[in-house]
Structure formats: structure tokens, C-alpha cells
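Position in the sequence shown (first residue = 1) + 1057 = the working numbering.
Where a beta carbon is used, it is the ideal one built from N, C-alpha and C, also for glycine.
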Amino acid sequence: MNETPFPLPEEFYEFIKSHANEDPTRLRLEFHGKPMSFDVEFAITQIECRRKFAKKLPSLVADPHFVFPSVVAGEQSTNEFVAKFHVGLIGDDDAAKPANVIDMTAGLGVDAISFARAGHSVMAIELDLLKQQCLLHNAKSLELPDLRAVCADSTHLFATPTFDSGDIIFIDPHRRDAKGGRVYGLKDCLPDVTEMLPRWAGSKARVFLKLSPMLDIEQTLRDLPNAKNVWVVCFKGECKEVLVETGLGSQIPDAPTDSREVMLTAVDLNESGVVSEFTCSYEFSRIATPCLTDKTEIEPGNYLYIPSAGVMKLGAWGALCARFPGLYKLSASTPLFVSSWIYRTFPGKVLTIDRFLGSSDLKRMKGERMTVISRNYPLTADQIRKKVALKEGEDRTLVGCRIGNSATPTLMVCSKPDLE
1058 MNETPFPLPE EFYEFIKSHA NEDPTRLRLE FHGKPMSFDV EFAITQIECR
1108 RKFAKKLPSL VADPHFVFPS VVAGEQSTNE FVAKFHVGLI GDDDAAKPAN
1158 VIDMTAGLGV DAISFARAGH SVMAIELDLL KQQCLLHNAK SLELPDLRAV
1208 CADSTHLFAT PTFDSGDIIF IDPHRRDAKG GRVYGLKDCL PDVTEMLPRW
1258 AGSKARVFLK LSPMLDIEQT LRDLPNAKNV WVVCFKGECK EVLVETGLGS
1308 QIPDAPTDSR EVMLTAVDLN ESGVVSEFTC SYEFSRIATP CLTDKTEIEP
1358 GNYLYIPSAG VMKLGAWGAL CARFPGLYKL SASTPLFVSS WIYRTFPGKV
1408 LTIDRFLGSS DLKRMKGERM TVISRNYPLT ADQIRKKVAL KEGEDRTLVG
1458 CRIGNSATPT LMVCSKPDLE
């Protein structure tokens, strides 16, 4: 858009405060066509966003003068707690040296704000005028003088010979095509970093790429031959992004991907920080995975391990079993694991196997409360629940899977282990 609603009068904020608990749809009908001293649609958008993103962006929503350019901008923004994790990768304590950070695709600016809050000097570049104006406004409201918001095409700025690329370059490529459809490959996103990065070979900056959680890691490492670190970042068990740190050295490695020292990390976060973390080198992730040969190798009392979403994304099964000796994958195609002893630091969920089920057992379970999990089983979790007529529950878990070389379909009841 060519016009922005700034400056915002005090009546704008008063309207938001007084109508905070009202339905946005009803407000749009009530105030449609009424002359106001401010953009009432923009004000209603604030009410909608504050309600929708209160848990995702709590500290920003807590500022009564923080403004959202649109609902879509909030939906596409980085989770506030994930942004704090990004800051931690470059240093967020008092002893850390302040860095010059350039956010090439600022959007709502959650990452840029988080970097600035940690004491770094930030240039946030945004192509959309309204988003840039909102970020300027929010930086002032949040008292972040070291956060500058620039309305420009970052690819053009970086092409300027005199442009200083700073210490940290943070890029969140746009993942929509011209028709609004989702794209996942690096070459299909905007900007195309595979074409852009080689131009910066002389820069000493660290580059972080915030990429789709659907991205194929193997292909990404082929597309980014100077990649150093890959993080699969999850929040409360849900995979949010694949974050890649890549160097800009002029020498492209001659060695194949599997012999490079790329570090892979699966991390799960909550509001307090890191819940679980699993790290291995790419080379180590390729080692052979020990698998069960037959169902008879499992017995009640053994422990069942369900990897976190991040570990599932990495698929580094051999490294996982090496990190936790005695862990066996249930079958080559079943990403569940078993051990005769418990590992409390396993990155995921741990259950105790109580018993195996036969067809006659299922008839007696009708109406019982259980969580249902299906991994490489002929029926989905919903189909199992419907077939057995189970109710939702959390104390016990019914697991459907295939076990051993013969991939035997198996149902087993599990419970939470006694960790005392």
C-alpha cells in the first residue's frame, strides 16, 4: 500500500482498549461507514491480532502501543520464544560483544526486536511500506534506539559495492509463489539465497537462514555447500523451522556432503527455554541403526521411546542409538525405539510397555480412555480409536506399530514410567 495510518492519535488506542473483548466481525459491521478520526479497520485489526497472538507474542502484545500491520503478518511472524533462541545463537548475555545484525526480510520484526533487546545494533529491511512503518513505530514504543527499519529491497542494497553487510545476516525467505501457494525448496523462495550467497564471498558475516519446517535437509545441504550448522527448531513439540547457519567463504568444499563437519541439532523449546536437545555431526548421523529382528525381543516392562518432532525430522537414528546404548529401533521403517532400561534425558517421550494386545483384548477395551499413537501401522490413530471405541485419555497410551524384520503389526498398551 502507498499510504499508512500513521501518526496514530490517542483515540486509536482508546478504541482498542474499550473494545478489546468484543467480536471483530461485529465491530466491523457496527462501525462500517462511520466517520472516525483514525482508520477504524486498522484499529479492529489490532483487536483481532492481540487476541489471536497473545500466547505467541506475549511481551509485544503487553505493550498497549504495539501495532500489527495485518493478521497475516502475525501469522507469518516468528514465535517470540523461538526468536529468543535465535538471539542465543549469537550471544545474549552481558559478556557477549554487541553485533551489527541485518535482518533482510523483517516482516513483523519479532527477530529484529529480539536482537535489539539483547543489545545488538539492528538494521531491519522490509519491502512492504506498512510493515516497515509499523516496525519503526514499534521500535520507538519499545524504546529500542538501536533498531532501524528501512523500506527497501534488500537484494538491491546488498548488491551495492559500498554496503556493509555487518556481523550477522538473518534471512527468512518468503515461501509463497506469485499465486499465494506455499513453496518449500530454497530456489523457489524469495530471495533465492542459493543465487545470492556466492556474491558475498568476501564478507565475514555469519548468515542464518530461517527456512520451512517442510524443507528436505539433504537437499538443503546440497544447495548450501558452505553450511555449518542445522537446527530443527520445535516449540512445545511442533516443528517451527529449519534454521541453517552458512559461511560465505569463496572456497566451495570439494568433499561430498557426508564427510563435511556439518552439525545437526534438534531442539524443543517452551516459554522457559530449551526442553530437550539432541546434536550430532552429519557424518555421525549416517551410521547404521540397530533394529529388532523379531517381536519376541520385546517384553512387558521394557521402555518405549518416541522421538521428538525435531529428532524425527533429522532422522539420525544410528546416532540416536549410539548416544543411548541399548536402544533399538522397532523395525527399519518404524521410528520408535525400545530398551530394557530407562534414559530420562531422551529427546522425546518415554513410556513403559505394559502388555501386548490380541483381537479378543480389543473387544474388552471399548470405552476406555487412552491416547492413541500409530507409527507404520496399517491403521491411523483415528482409525484405531474408532475401531476399539476408545475415549480420549492421557494416563495410558495404545501404540500401533510394526516390529522386526517381518514388520509384524502390533498393538501394545503403555503407561507413564515411574521416574522415582
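Checking 8 Å against the spacing of the C-beta atoms, do residue i and residue j come in under that value?
i	j	result
Leu1114	Val1167	yes
Asn1359	Val1395	yes
Ala1163	Ala1169	yes
Val1124	Val1290	no
Ala1376	Ser1342	yes
Lys1285	Gly1259	no
Ser1388	Ala1464	yes
Ser1018	Arg1442	Given that the chain is displayed from residue 1058 to residue 1477, the structure contains no residue 1018 and the question cannot be resolved.
Leu1268	Val1319	no
Ala1181	Ala1206	yes
Ile1363	Leu1393	yes
Glu1334	Thr1353	no
Lys1444	Leu1436	yes
Ile1228	Leu1266	yes
Leu1414	Leu1361	no
Gly1090	Ile1159	no
Evaluate residue i with the Cβ neighbour count: other Cβ atoms within 10 Å of its Cβ, from every protein chain shown; 16 or more gives buried, anything less gives exposed.
i	result
Met1427	buried
Ala1373	buried
Pro1230	buried
Phe1072	buried
Lys1141	buried
Leu1086	exposed
Ser1171	buried
Pro1255	exposed
His1194	buried
Ser1075	exposed
Thr1082	exposed
Gln1308	Here Gln1308 scores only 44 on pLDDT, less than 50, and its place in the model is too uncertain to base an answer on.
Ala1209	exposed
Glu1252	exposed
Pro1313	Confidence in Pro1313 is poor, its pLDDT being 44 and thus under 50, which makes the residue's placement unreliable; the coordinate value appears in the next sentence. Under this definition Pro1313 is an exposed residue.
Pro1121	exposed
Gly1506	Because the chain in this structure spans residues 1058 to 1477, residue 1506 falls outside the shown range and cannot be described.
Glu1092	The residue you asked about is not Glu; residue 1092 is Pro in the sequence shown. It is exposed - the Cβ of Pro1092 has fewer than 16 other Cβ atoms within 10 Å.
Asn1136	buried
Which first and last residues belong to the beta strand (DSSP E) in which residue i is found?
i	result
Arg1205	Leu1204 to Cys1208
Met1271	Premise fails: Met1271 is in no beta strand (DSSP E) and is neither H nor E.
Per the DSSP calculation, residue i is bridged to which residue(s)?
i	result
Ala1284	Thr1303
Glu1043	Since the first residue of the chain shown is 1058 and the last is 1477, residue 1043 is not available in this structure.
Asp1160	Ala1181 and Phe1227
Cys1348	Lys1386
Leu1361	Val1395 and Leu1408
Pro1466	Arg1459
Arg1263	Ile1225
Glu1295	Phe1292
Thr1454	Thr1428 and Cys1471
Lys1448	Arg1426
Could you spell out where the alpha helix (DSSP H) holding residue i opens and where it closes?
i	result
Glu1087	Pro1081 to Phe1088
Ile1057	As displayed, the chain neither begins before 1058 nor continues past 1477, which places residue 1057 out of reach and without an answer.
Trp1257	It is not in any alpha helix (DSSP H) - Trp1257 carries neither H nor E in the DSSP assignment.
His1143	Glu1137 to Ile1147
His1213	Ser1211 to Ala1216
Thr1353	Segment: none, Thr1353 is in no alpha helix (DSSP H) and carries neither H nor E.
**Request:** Run through the segment 1405 to 1434 for me and flag every whole alpha helix (DSSP H) of 4 or more residues, listed as ranges in chain order.
**Result:** 1416 to 1421
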